[in-house]
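Colleague: I have a structure here, written as structure tokens, and I will follow up with some questions on it.
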Amino acid sequence: TAQIETHEFQAEARQLLQLMVHSIYSNKDIFLRELISNASDALDKLRLESFRDKSLDVDIDDLHIDLEVDRVARTLTIRDNGIGMSRDEVVGLIGTIAKSGTGELIKKLREAKNADGAAAGELIGQFGVGFYSAFMVADTVTLLTRKAGQTEVTRWSSDGSGTYTVETVTDEPDFGVGTAVTLKLKPEDAEDQLHDYTSESVLREIVRRYSDFVTWPIRLRTEKTKDGKTTHEWETINSRKALWARPKDEVSEEEYREFYKHISHDWLDPLRTISVKVEGTFEYQALLFLPSRAPMDLYYRDAKRGVQLYVKRVFIMDNCEALIPDYLRFVKGVVDAADLSLNVSREILQQDRHIQLMRRRLVKKVLGAVKEMMTDDRVRYDTFWREFGRVVKEGLVEDPDNRKAILDIASFASTHSADDLTTLRDYLDRAKDGQEHIYYLTGASRSVVENSPHMEAFRAKGLEVLILTDPIDEFWVEQVGEYEGKKFTSIAKGQVDLDTGDEESDSEEKVDESSFDKLREWLKTTLSDHVKEVRLSNRLTTSPACLVGDTHDIPPALVKMYQQAGQ
Ligand code: ADP
Ligand code: MG
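Going by full-length UniProt numbering, the sequence shown runs without a break in its numbering and finishes at 568.
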């Protein structure tokens, strides 16, 4: 007869379990993600092992993960036909926690628990405790397993208190290779419609949310009653479309579009698809999309932003801000990293060096894709810039390392054309020889800027002026300073030399400036509350006078923004 052994959990494992059983974790649904991810790993391992060890007699053509519910007994079973575990492995792997940082977690959990049970829950969620998360929803957990290549079947069972039992079983002669984890669900969850894990719709929803792109089929045993007859069938409930993991040329445009719509909830097609695959010590794949229209909440401070993060096809989080800077917050997509813990928290992501490298690479890819679009599909580029240019320009301030790259893909209204925007490259190509400046004027709208008296001399001399009308323009243009060695120069500030090298226009008669001294003095006294200084100028052609800011004055649009912000 089978010998049942009772073991104690290793000390840390026991402490952790206890804290978990008694914590209120707001997101206990993740237990299913954890168990499915273990099953998926086990299938990956079996497939790999069968390639390596040809003598291993296993069938890898029908690998899957099954979910089966018994409503009467209130059990949920997660069954895989993967690599399985030997008896020793069960004791070693399930009875202990080998994860680094466990001690630290327990300490933090204790502190948090004294203050607030929910905070403890959040910590558990962040650390992730894999298999043990089953105890958040189950009174007892039973695991039955058979390792590939072996005949012995092992049963492990625990109620999450200090001990567990293991036995080698003989009552399951037909148990195939793989592992079945059966949860005796807590009775209280039966009352909670959203967390009744015997409900088909609840299971479907959790799988869709957390495990849709697991590459193995996740099948649910469904029950249908027709004409008084009940039938069962296995229905695959995940889409398995890990498009990013498939070679680019094997995925159709149509599939990319559908996927984009699925993750973005947009009903328009994306403007551009960017697929990234990086191999080496820190492997990842990304599938990013530029939408064709700015979302309503692009400028809301609390808007959701960022891409989805997966670790080896297992969904980890939505709106992962750490992977995409704020000024590219409209980018949608998925990043799948091979070497991250399933349980990375947002805090850890913000500090992780690999994540920072990844982010830099993704930024380059996005900016590169826009640049490509500029040359190979100008119409799309124009749409892009119209929808997102204002946001991208924030990057000129936010991300100094990429200033040049951002200016390269930027375009601006200018006096050169009433309809078309110009790139800085084109501006410089049109500039006269010897022009050391990129002239610009900021203002609330194109017509305000065009009708500014500051424009007169520039118009008269045929000098092109950029018309900058976005509030953000005031910020970056000051900070960025130059493009390809040419200085951004406001035509509304200080003394602008009209340095065109264009000699003939300097042949105007010289006036005797001192003859205006009396008029200047009078104007200065009369307007003393409003102006600092009154100067003679050669920049006006038809207007008699204009207001000029000091080179270091706060630009008017900024003054307005500060006022609006209540400062
Ligand atoms: P992690 O998955 O992070 O290693 P878990 O607590 O989820 O931590 O699982 C612990 C270990 O138990 C796994 O690493 C694996 O070796 C083993 N294990 C868990 N579930 C299964 C399974 N379904 N099939 C085979 N091995 C499993
Ligand atoms: Mg796991």
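From the three backbone atoms N, C-alpha and C, an ideal C-beta is built for every residue, glycine too. Computed from a predicted structure; not experimentally measured.
Taking 7 angstroms as the line, does the beta carbon of PHE132 fall inside it for any heavy atom of ligand 2?
Modeller: Under cutoff, so the answer is yes.
Colleague: Are the CB atoms of GLU222 and GLU69 nearer to each other than 8 angstroms?
Modeller: Checking the displayed sequence, the identity of residue 222 turns out to be Arg instead of Glu. Closer than 8 angstroms, so yes.
Colleague: Rounded to a whole number of angstroms, what is the C-alpha to C-alpha distance between SER134 and ASP213?
Modeller: Distance between the alpha carbons of SER134 and ASP213: 20 angstroms.
Colleague: Quick one: Cα of GLY486 to Cα of PHE459, how far?
Modeller: Each residue's Cα considered, the two are about 21 angstroms apart.
Colleague: According to the neighbour-count rule (16 or more other Cβ atoms, all chains shown, within 10 Å of its Cβ), is PHE52 buried or exposed?
Modeller: Result: exposed.
Colleague: Between which residues of its own chain and PHE489 is the CB-CB distance below 7 angstroms, once the five residues before and five after are set aside?
Modeller: Same-chain partners within the cutoff: ILE439, TYR441, VAL478, VAL481, GLY482, GLU483.
Colleague: Considering only residues of the same chain and omitting the five flanking positions on each side of LYS394, which have a CB-CB separation below 8 angstroms?
Modeller: TYR328, ILE407, ALA411, ASP471, ILE473, ASP474, TRP477, listed in sequence order.
Colleague: Is the closest heavy atom of ligand 2 to the C-beta of SER38 under 7 angstroms?
Modeller: Checking the Cβ of SER38 against ligand 2 gives yes.
Colleague: If you draw a straight line from the C-alpha of LEU464 to the C-alpha of SER538, how long is it?
Modeller: Rounded to whole angstroms, LEU464 to SER538 spans 17 angstroms at the Cα level.
Colleague: In chain order, what residues of the same chain have a beta carbon less than 8 angstroms from the beta carbon of ILE468, not counting five sequence neighbours either side?
Modeller: Result list for ILE468: PHE413, ALA414, SER415, THR416, TYR441, LEU442, GLY444, ARG447, VAL450, GLU451, in chain order.
Colleague: Thinking PHE331 and ALA295 are a contact (beta carbons under 8 angstroms), I'd like their distance in whole angstroms, please.
Modeller: With a Cβ gap of about 6 angstroms, PHE331 and ALA295 count as contacting.
Colleague: If you draw a straight line from the alpha carbon of LEU310 to that of VAL154, how long is it in whole angstroms?
Modeller: Each residue's alpha carbon lies about 36 angstroms from the other.
Colleague: Are the CB atoms of GLY163 and ARG80 nearer to each other than 8 angstroms?
Modeller: For GLY163 and ARG80, no; Cβs fall outside 8 angstroms.
Colleague: Using the beta-carbon count (16 or more within 10 Å), is GLN568 buried or exposed?
Modeller: A caution first: GLN568 carries a pLDDT of 46, below 50, which makes its placement in the model unreliable, though a value can still be read off. Result: exposed.
Colleague: With DSSP collapsed to three states, give me the class of ARG15.
Modeller: DSSP places ARG15 in helix when its eight states are reduced to three.
Colleague: Taking 7 angstroms as the cut-off, does the CB of ALA339 come closer than this to any heavy atom belonging to ligand 1?
Modeller: It does not: the Cβ of ALA339 is nowhere closer than 7 angstroms to a heavy atom of ligand 1.
Colleague: Is any heavy atom in ligand 1 found nearer than 7 angstroms to the beta carbon of GLU483?
Modeller: No; taking the cut-off as 7 angstroms, the Cβ of GLU483 has no heavy atom of ligand 1 nearer than that.
Colleague: Count the other C-beta atoms from every protein chain shown that fall within 10 angstroms of the C-beta of GLU9, then say buried if there are 16 or more, exposed otherwise.
Modeller: Classification of GLU9: exposed, given that the 10 Å Cβ count is below 16.
Colleague: Just to confirm the assignment, what range does the alpha helix (DSSP H) spanning GLY390 have?
Modeller: Taken as a continuous stretch (DSSP letters only), the alpha helix (DSSP H) holding GLY390 covers 379-393.
Colleague: Taking 7 angstroms as the limit between beta carbons, can you name the residues of its chain near LEU272, skipping five residues before and five after?
Modeller: If we look at LEU272 and ignore the five residues flanking it on each side, its Cβ neighbours are LEU291, PRO292, SER293, ARG381, THR384, PHE385.
Colleague: Based on the DSSP output, what are the partners of HIS8 in its beta bridges?
Modeller: Answer by DSSP bridge pairing, in chain order: TYR165.
Colleague: Would you report the Cα separation of LEU106 and PHE283, rounded to the nearest angstrom?
Modeller: Rounded to whole angstroms, LEU106 to PHE283 spans 26 angstroms at the Cα level.
Colleague: Should the stretch 237-252 be called in touch with the stretch 79-94, which here means at least 3 C-beta pairs below 8 angstroms?
Modeller: The stretch 237-252 is not in contact with the stretch 79-94.
Colleague: Can VAL312 and ALA287 be called in contact, C-beta distance under 8 angstroms?
Modeller: For VAL312 and ALA287, no; Cβs fall outside 8 angstroms.
Colleague: Going along the chain, which residues of its own chain have a beta-carbon closer than 8 angstroms to the beta-carbon of GLU168, five neighbours each way excluded?
Modeller: Closer than 8 angstroms at the Cβ level, and outside the excluded window around GLU168, lie ALA3, GLN4, ILE5, GLU6, THR155, ARG156.
Colleague: Given 7 angstroms as the limit, tell me if GLU35 has its C-beta closer than that to any heavy atom belonging to ligand 2.
Modeller: Answer for GLU35: yes, Cβ within range of ligand 2.
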